[in-house]
Amino acid sequence: MHIRTFIDERGEPIARIVSENGTHVVSVDVFKELEKPPEGAEVLEIAGRYKVYVKRRPFLNGQCEFVYFQFPQGVQLINAKYVGPDDPDVVIPELLKAAEEEA
């Protein structure tokens with residue numbers, strides 16, 4: 010297993026990458042506010058008080074997952090994650106673009 014952090018040109022950590030046997034998990038923190046939860050997302054309730062929404066879809070040659078958290082004042086897209094065989098250096102810009110489109 011190989012774990013690394015992707016650093017952008019400004020020196021900021023952008024993504025966490027875990028790779029093993031040709032499969033990569035690329036995780037990016039997002040924190041974009043939305044007006045409402047996304048349609049078609051799975052709802053997970055935490056202690057009957059908080060709601061987390063998860064929306065999954067095919068992405069490149071793998072799967073993408075968007076995670077949203079519902080606060081009393083609104084909803085935030087908090088994370089975008091990719092799982093699949095594509096090169097993480099190719100996935101990261103596409104995943105960032107997909108997160109922007111999702112928000």
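Just so it is clear: in the sequence shown, position 73 is 82 by our numbering, and no numbers are missing.
Each residue gets a CB set at the ideal place from its N, CA and C atoms; glycine is no exception.
None of the values given here were measured: they were computed from a predicted structure.
In the displayed model, E44 falls within coil according to three-state DSSP, outside both helix and strand. Within the model, the alpha-carbon separation for P47 versus K64 is close to 8 Å. Contact between the stretch 36 to 44 and the stretch 87 to 103 is present: 3 or more CB-CB pairs across the two stretches fall below 8 Å. Scanning its chain for C-beta atoms nearer than 8 Å, with the 5 sequence neighbours on each side dropped, one finds around I55 the residues V61, in chain order. When secondary structure is reduced to three states using DSSP, D98 falls in the helix class.
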